[in-house]
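Asks: In terms of the numbering used here, the numbers along the sequence shown are unbroken and rise by one, the last being 213. Right, I'll just put the structure down here and ask away after.
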Amino acid sequence: MNNFESFDNSETAVKKDIVIQERVELISSHMYKHFLDYQHATANTNEIFTRMIDCLDLVSNNLKQSFSSRGVPTQNIYVETDALKSTAVINILWNKMSFTTRCNFVPQEFLRKDGGRMFSNRIIAIQGNYNDLIKDAKNHDEEMEILLDNEVASLYVPADQTLKCIFKIKHTGQEFPINQIDAPREVILKVIEMICGDTSYHKDGVVRKFVS
């Protein structure tokens with residue numbers, strides 16, 4: 002190999018290195034933006050969830066007073082939270098419902114019905130006691146499958162504090178914009194109204210045929 006061939010090869014290698022650096026820089030810039038958005042969305046979500054727990058305590062106390070004045074025992078009205086303040090369960094007589102932030106493992110966008118996208122974290126409202134439902138889940142995927150099967154609604158919290166959250170009701174697909182100040186109260190009350198305002202029906206078993 003002569004000196005010119007060696008020079009050509011080294012020049013080609015330098016060009017390849019530059020291409021790699023440029024492409025890697027684009028990837029890292031993209032991921033860094035998502036990382037920052039994820040941090041901000043997480044901070045907003047944690048703030049909203051803390052206030053949701055406060056709202057649950059207020060609702061529980063008001064329900065106890067209301068039922069007590071009607072002569073109804075209130076020992077089955079209570080709120081439970083985990084040590085990390087990432088899950089809250091409210092029991093209202095025969096109704097159980099839970100709220101959790103344990104679904105924000107990676108940065109994610111919320112795809113809107115109108116085709117728009119919003120980078121956000123999520124608070125899922127589910128029917129039932131979260132701890133009982135996920136006790137046999139072996140990983141995040143199994144836990145998410147259980148949460149989505151029992152989902153009543155979700156609140157999507159954006160990274161920007163000035164933007165409104167989106168509250169989506171599962172069975173209708175309706176989306177409602179709610180500012181981040183009012184979101185804790187409105188979500189708690191709406192979910193409780195949907196679950197406690199529903200009616201349970203007696204179920205029929207299998208009809209057996211008898212020889213007459």
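All residues carry an ideal CB built from backbone N, CA and C; glycine is no exception. Source: prediction; values computed, not measured.
Go ahead and label Q181 buried or exposed: buried means 16 or more other beta carbons lie within 10 angstroms of its beta carbon, across all protein chains shown.
Replies: Locating residue 181 in the sequence shown gives position 180, counting from the first residue. When all chains shown are included, Q181 counts as buried.
Asks: Excluding sequence positions up to five away, which residues of its chain have a Cβ less than 8 Å from the Cβ of T51?
Replies: Numbered from its first residue, the sequence shown carries residue 51 at position 50. So the qualifying residues of the chain are K86.
Asks: Go through its chain and collect everything with a Cβ distance to N77's Cβ below 8 Å, but skip five positions before and after it.
Replies: Mapped onto the sequence shown, residue 77 falls at position 76. So the list reads N92, I93, L94 and W95, once near-sequence residues are dropped.
Asks: Can you give me the C-alpha to C-alpha distance between T75 and E152, rounded to a whole angstrom?
Replies: On the sequence shown, position 74 is the one that residue 75 refers to. On the sequence shown, position 151 is the one that residue 152 refers to. Whole-angstrom Cα-Cα distance: 26 Å.
Asks: Indicate whether the contact test is met: 3 or more Cβ pairs, each with one atom in the stretch 134–146 and one in the stretch 21–40, closer than 8 Å.
Replies: no
Asks: Among all the DSSP beta bridges, which residues are the ones paired with A126?
Replies: Within the sequence shown, the letter at position 125 stands for residue 126. Beta-bridge pairing links A126 to F100 and A154.
Asks: Is it buried or exposed for N122, if we count other Cβ within 10 angstroms and need 16 for buried?
Replies: Within the sequence shown, numbered from 1, the residue matching residue 122 stands at position 121. By the neighbour-count rule (16 or more Cβ atoms within 10 Å), N122 is buried.
Asks: What is the residue span of the beta strand (DSSP E) that P178 lies within?
Replies: Position 177 of the sequence shown, counted from the start, is the residue given in the question as residue 178. Start and end: E176 to I179.
Asks: From I127 to K171, what does the alpha carbon distance come to, in whole angstroms?
Replies: For the purposes of this step, residue 127 is identified with residue 126 of the sequence shown, where counting begins at 1. For the purposes of this step, residue 171 is identified with residue 170 of the sequence shown, where counting begins at 1. Answer to the nearest angstrom: the Cα atoms are 10 Å apart.
Asks: Specify the secondary structure class of Y202 as computed by DSSP and reduced to three states.
Replies: The residue you call residue 202 lines up with position 201 of the sequence shown. In the structure shown, Y202 sits in coil (DSSP, three-state: anything other than H, G, I, E or B).
Asks: Can you confirm whether the stretch 162–169 touches the stretch 51–70 when touching is taken to mean that 3 or more C-beta pairs between the two stretches lie within less than 8 Å?
Replies: no
Asks: Taking all protein chains shown into account, do 16 or more other C-beta atoms lie within 10 angstroms of the C-beta of T102, making it buried, or fewer, making it exposed?
Replies: Mapped onto the sequence shown, residue 102 falls at position 101. That one is buried.
Asks: What's the call for L112, buried or exposed, on a 16-neighbour Cβ count within 10 Å?
Replies: To locate residue 112, count along the sequence shown from 1; it is residue 111. Result: exposed.
Asks: Note down the Cα distance separating E110 from Y39, rounded to an integer number of angstroms.
Replies: As a position in the sequence shown, residue 110 is number 109, starting the count at 1. As a position in the sequence shown, residue 39 is number 38, starting the count at 1. One C-alpha to the other measures close to 10 Å.
Asks: Nearest to K114 by alpha carbon, out of N132, K34, T88 and K169?
Replies: Within the sequence shown, the letter at position 113 stands for residue 114. Of the candidates N132, K34, T88 and K169, the one whose C-alpha sits nearest the C-alpha of K114 is K169.
Asks: Could you please give me the residues that DSSP links to K17 through a beta bridge?
Replies: Within the sequence shown, residue 17 is the residue found at index 16, counting from 1. In DSSP, K17 forms no bridge with anything.
Asks: Does the distance from the C-beta atom of Y131 to that of T88 stay below 8 Å?
Replies: Walking along the sequence shown from the start, residue 131 turns up at place 130. Walking along the sequence shown from the start, residue 88 turns up at place 87. Yes, Cβ-Cβ distance for Y131 and T88 is below 8 Å.
Asks: Could you tell me whether the Cβ atoms of D55 and V80 are closer together than 8 Å?
Replies: For the purposes of this step, residue 55 is taken as the residue at position 54 of the sequence shown. For the purposes of this step, residue 80 is taken as the residue at position 79 of the sequence shown. The answer is no: Cβ separation not under 8 Å.
Asks: Mind checking which residues open and close the beta strand (DSSP E) that includes A89?
Replies: In the sequence shown, the residue the question calls residue 89 occupies position 88. Unbroken beta strand (DSSP E) run through A89: T88 to I93.
Asks: Taking DSSP as the reference, what is the three-state secondary structure of P185?
Replies: In the sequence shown, residue 185 corresponds to position 184, counting from 1. Residue state for P185 is assigned as helix, using DSSP reduced to three classes.
Asks: In whole angstroms, what separates the C-alpha of A44 from that of S99?
Replies: Sequence index remark: in the sequence shown, residue 44 carries index 43 (1-based). Sequence index remark: in the sequence shown, residue 99 carries index 98 (1-based). Those two C-alpha atoms are separated by around 21 Å.
Asks: Do I193 and V60 have their C-beta atoms closer together than 8 Å?
Replies: Residue 193 sits at position 192 when you count from the first residue of the sequence shown. Residue 60 sits at position 59 when you count from the first residue of the sequence shown. Cβ atoms of I193 and V60: closer than 8 Å.
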